[in-house]
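Okay, structure first, notes after.
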Amino acid sequence: MELTGAQILMEILKEEGVDTIFGFPGGAVIDLYDELIRSELRHILVRHEQGAVHAADGYARASGKVGVCLVTSGPGATNTVTGIATAYMDSIPMVIVTGQVSAHLIGNDAFQEVDIVGITRPCTKHNYLVNRVQDLARTLKEAFFIARSGRPGPVLVDIPKNLGLAKTDYQPIPPVSIKSYNPTYLPNMKQIRKALALLKTAKRPVIFGGGGVILSKASQELSTLAHALRIPVTTSLMGLGAFPGSDPLWLGMLGMHGTYRANMAISNCDLLIAVGVRFDDRVTGKTDCFADQAKIVHIDIDPTSIRKNIPVAVPVVGDCRQSLIALNRMITEEGLVASDEQRQEWLDQVLLWRKQHKLAYEQTAEVIKPQYVIEKLYKLTRGEAIITTEVGQNQMWSAQFYHFDRPQQFLTSGGLGTMGFGLPAAIGAQVAYPEQTVVDIAGDGSIQMNIQEMATAVQYKLPVKVVILNNRCLGMVRQWQQLFYDKRYAHTLFEHAPDFVKLAEAFGAHGLRATRPDEVEATLARGLAIKGPVIMDFVVESEECVYPMVPAGKPITDMLLV
Amino acid sequence: MKRIMKSEKHTLTMLVDNEPGVLSRVVGLFSGRGFNIDSLCVAETMDPKVSRITIVTQANQPLLEQIEKQLRKLINVIKLRDMSDDSSVRREMALICVQARPENRDEILRLVNLFRAKVIDVASNCYTIEASGDEDKMKALIGLLRPMGIKKIARTGTVALFREPKRGI
Chain G
3 MELTGAQILM EILKEEGVDT IFGFPGGAVI DLYDELIRSE LRHILVRHEQ
53 GAVHAADGYA RASGKVGVCL VTSGPGATNT VTGIATAYMD SIPMVIVTGQ
103 VSAHLIGNDA FQEVDIVGIT RPCTKHNYLV NRVQDLARTL KEAFFIARSG
153 RPGPVLVDIP KNLGLAKTDY QPIPPVSIKS YNPTYLPNMK QIRKALALLK
203 TAKRPVIFGG GGVILSKASQ ELSTLAHALR IPVTTSLMGL GAFPGSDPLW
253 LGMLGMHGTY RANMAISNCD LLIAVGVRFD DRVTGKTDCF ADQAKIVHID
303 IDPTSIRKNI PVAVPVVGDC RQSLIALNRM ITEEGLVASD EQRQEWLDQV
353 LLWRKQHKLA YEQTAEVIKP QYVIEKLYKL TRGEAIITTE VGQNQMWSAQ
403 FYHFDRPQQF LTSGGLGTMG FGLPAAIGAQ VAYPEQTVVD IAGDGSIQMN
453 IQEMATAVQY KLPVKVVILN NRCLGMVRQW QQLFYDKRYA HTLFEHAPDF
503 VKLAEAFGAH GLRATRPDEV EATLARGLAI KGPVIMDFVV ESEECVYPMV
553 PAGKPITDML LV
Chain S
75 MKRIMKSEKH TLTMLVDNEP GVLSRVVGLF SGRGFNIDSL CVAETMDPKV
125 SRITIVTQAN QPLLEQIEKQ LRKLINVIKL RDMSDDSSVR REMALICVQA
175 RPENRDEILR LVNLFRAKVI DVASNCYTIE ASGDEDKMKA LIGLLRPMGI
225 KKIARTGTVA LFREPKRGI
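Residue numbers (my numbering), protein chains in the order written: chain G, 3 to 564; chain S, 75 to 243.
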């Protein structure tokens, strides 16, 4: 069957089960768009290409499917870079299709030409420039295969303009295999047996889950392991939701803004089962002191994650879910149980730490505390909303005060820490789940980075709710300046801000504001009840800090507490 | 277990897809992650779809492990081997243009013979020598020629192969 490049693209997207793409047209992709409007694919027209990538990312994080976006060459392509790097750091499966100038112009500094394959080489899992229309179908199939297999990640495919209308014979591509790319899914049983041996003798074990648990859909297996041997569980920011926040074995998040009990448990445990994590510096603090009494078992599908930052006793390369299934099966076969007395001592200790320092804040009658807004939001949404965040204090308070019970519920830029992520990601999540409540918990700084996407939300009737914790400053950097730079607030205090209520209205959305603590609940209730997109502006205490806090580079036991 | 191990030279050989941009992926990985490259060689193999890249790097054991894992993670890297020990042969090559005054011509030719090198170009006042060998031999030859006045030098990186019969690539 003879098809054009543009038709092949639509054909492959259909084959790969794509129903929605996020994009922004331009000269180099005009032929692709001309074919797109004739297809059944749903296209969400964003207002900035960065928004397209974050939206596709939010869609992927919420649904587990591959997020797809389509943008033009040059500036269209460069605008995607932050979004691609965000997805790469958090291992989110995405395919980014960029237009390129026609093949005969490449290298000539043509209009809207940029070497996007060169630019994105270090922040994609893989990328391609397609030279011939005959290669297009296979390249696209490989892109989807690479994006979703192994440790997932973004893959970019750069398509020169002239390929759009070029014709070639198209035959459906058989399932892709790449000889130099074979992710290890099944764990080495010898390693699993070693892990089991450590579990048998451990007195003070802790499980530490990360984003890999969510990506490999291993939450159930993680929970089984924890309950079988009564092991307390902590997660990284990316792992929130992988273990129910309401479970008695839950320790809370660990790390720089982790709970006291999680950091103490990690620092005193004698066995750490790390699953789908990469030991980020925001988690470990000073690496020499991290879990220094523990033997560490590290399960991850990406061998480079293992022994990169932290030496481990038992490395297990494999899919988190498959590895946990193998470990759980062995535990059952051997009839392994936690000795009650011994384990009770450890759980009592954890409980004591919990009582010693809880996450806390003081809500006065006059000024709204940001944590209070999130607690009320948690209550009003019954803990069921999909939450996206921006980056900084809003993100940390969301992690601390909204208790996530299921995976794919908390969507946040963990690795790259991208301000401006939350709103477009919420749009993507809302596209994936039109019936669910999706809330972007934002700061007044970060919401301004991709505020233009409110127009997208309004146009497509995506009822995302934006909760702005408006402290009139760049709160997290201000906090560092307060604590470590003698309150020299170098350019972190905003002297001017838009009126977010009017801004919402200008976009055709609803705007609400609360300035007093007694208005918080009613404002949230009103906002959540509105059928369309809403911005809720909460004027909060500007000097509030996120606690606990471990100063960068210190052991995670060195916590500044409330 | 902490990183107090000493840093040593390692010769890493990899077979990669012979496609545009692949070398850039490999080199970009080294610069982006702060790994070091002492030397680099790349050329097509018997299979025109496959190139061989040989990189000499300095690393301690944990860092070497990380470098190898990161390289293997690249989609275009088909195979990777450490060819640093006696189970492999390593060679580099140099073209050395050395001043050939009447009083040291004999000495130069003697050195050329001793090192089994060749004079491949002769001008009125200089010889261009082609030499190959392992790193130590090249260092020694260059050290001995230096006092006579080396005008120009062009050196390749190291290439390496496993001794036969041995484990593949």
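Note that CB positions come from ideal geometry on N, CA and C, so glycine has one too.
(Q) Along the segment 183-197 of chain G, where does the CB come closer than 9 Å to a CB of chain S? Name the residues. (A) Y183
Q | Selection from S/L145, S/S125 and S/P122 that minimises the alpha carbon distance to S/T131 | A | S/L145
Q: With a 10 Å radius around its C-beta and 16 neighbouring C-beta atoms as the bar for buried, classify G/H493 as buried or exposed.
A: Per the 10 Å Cβ criterion, exposed.
(Q) Give me, in chain order, the residues of the same chain whose beta-carbon lies closer than 8 Å to that of G/E13; leave out the 5 immediate sequence neighbours on both sides. (A) L5, A139 and Y172
Q: For chain G, find out if any of its Cβ atoms is closer than 7 Å to the Cβ of S/G102; answer yes or no.
A: yes
Q: Could you check how far apart the C-beta atoms of G/G422 and G/Q52 are, in whole angstroms? I think they sit under 8 Å.
A: Sure, about 7 Å apart at Cβ, within 8 Å.
Q.
Please give me, in chain order, every unbroken run of the beta strand (DSSP E) with length at least 3 that falls completely inside the segment 18-92 of chain G.
A. As far as the segment 18-92 of chain G is concerned, its whole beta strand (DSSP E) runs of at least 3 residues are 22-26, 44-47 and 69-73.
**Q.** S/N187, enclosing alpha helix (DSSP H) - first and last residue
**A.** Segment R179 to L188, the alpha helix (DSSP H) holding S/N187.
Q.
Using only the alpha-carbon positions, how far apart do G/P535 and G/F281 sit?
A. 37 Å
Q. For a contact meaning CB atoms closer than 9 Å, what does S/I149 contact in chain G?
A. S/I149 reaches chain G at K127, H128, E144, I148, I180, S182 and Y183, counting residues in chain order whose Cβ is nearer than 9 Å.
(Q) Against chain G, with Cβ distances strictly below 7 Å, would S/Q135 count as a contact? (A) Not an interface residue.
Q. List, in order along the chain, the chain G residues whose C-beta lies closer than 7 Å to that of S/K143?
A. P305 and T306
Q.
Any contact between the segment 541-560 of chain G and the segment 251-270 of chain G? By contact I mean 3 or more CB pairs, one from each, below 8 Å.
A. yes
Q) DSSP on S/S126, reduced to helix/strand/coil? A) Checking the displayed sequence, the identity of residue 126 of chain S turns out to be Arg instead of Ser. Three-state DSSP puts S/R126 in a strand.
Q. Name the DSSP beta bridge partners of G/Q102, please?
A. G/P162
Q: Please compile the residues from chain G whose C-beta is within a distance smaller than 9 Å of the C-beta of S/S113.
A: Result: empty, since nearest Cβ-Cβ is about 22 Å, beyond 9 Å.
Q.
Per DSSP, what are the beta-bridge partners of G/Y374 in this structure?
A. DSSP output for G/Y374 lists no bridge partner at all.
Q) How long is the line joining the alpha carbons of G/D560 and S/D160, rounded to whole angstroms? A) 49 Å
(Q) Going by DSSP, what residue range makes up the alpha helix (DSSP H) through G/P426? (A) G424 to A434
Q: With distances taken Cα to Cα, identify the nearest neighbour of G/D446 among G/T390, G/V469 and G/E377.
A: G/V469
**Q.** Residue of G/G120, G/A87, G/V99 and G/K163 minimising C-alpha distance to G/A112
**A.** G/K163
Q) Who are the Cβ neighbours of S/R165 in its own chain at under 8 Å, not counting the five residues just before and after it? A) S206, G207, D208, T232, V233 and A234
Q | G/E4, DSSP secondary structure in three states | A | strand
Q: Note the first and the last residue of the continuous alpha helix (DSSP H) segment covering G/V318.
A: Note, G/V318: premise wrong, no alpha helix (DSSP H); beta strand (DSSP E) at V316 to V319.
Q.
Let me make sure I understand the geometry here. Which of G/P409, G/R323 and G/T390 has the alpha-carbon closest to that of G/S400?
A. Proximity to G/S400 across G/P409, G/R323 and G/T390 peaks at G/T390, based on C-alpha coordinates.
Q: Kindly say whether S/I127, judged by its beta-carbon, lies nearer than 7 Å to any beta-carbon of chain G.
A: no
Q) Can you find a C-beta in chain S that's less than 7 Å from the C-beta of G/P124? A) yes
Q) Can a CB atom of chain G be found closer than 7 Å to the CB of S/G106? A) yes
Q | Nearest-angstrom Cα separation, counted from G/Q136 out to S/I182 | A | Computed Cα separation, rounded: 58 Å.
Q: Keeping to the same chain, check which residues put their C-beta closer than 6 Å to that of G/N452; ignore five residues upstream and five downstream.
A: G53, G422, L425 and P426
Q. If we count Cβ pairs, one from each stretch, closer than 8 Å, do we get three or more for the segment 32-42 of chain G versus the segment 369-382 of chain G?
A. no
Q: Please determine, among G/K67, G/Y90, G/I98 and G/D92, the residue with the shortest C-alpha to C-alpha distance to G/A79.
A: G/I98
Q: Taking S/L169 as the reference, give the member of S/I216, S/R99 and S/I149 with the closest Cα.
A: S/I216
Q.
Here's the rule: buried if 16 or more other CB atoms are within 10 angstroms of the residue's CB, otherwise exposed. What is G/A208?
A. What sits at residue 208 of chain G in the sequence shown is Val, not Ala. So G/V208 counts as buried.
Q) Who are the neighbours of G/R134 on chain S, taking C-beta pairs under 7 Å? A) Per Cβ cutoff of 7 Å: no residues; G/R134 is ~13 Å from chain S at best.
Q.
Is it the case that the segment 354-362 of chain G contacts the segment 324-338 of chain G, given that we only count it when at least three CB pairs across the two stretches are under 8 Å?
A. No, the segment 324-338 of chain G is not in contact with the segment 354-362 of chain G.
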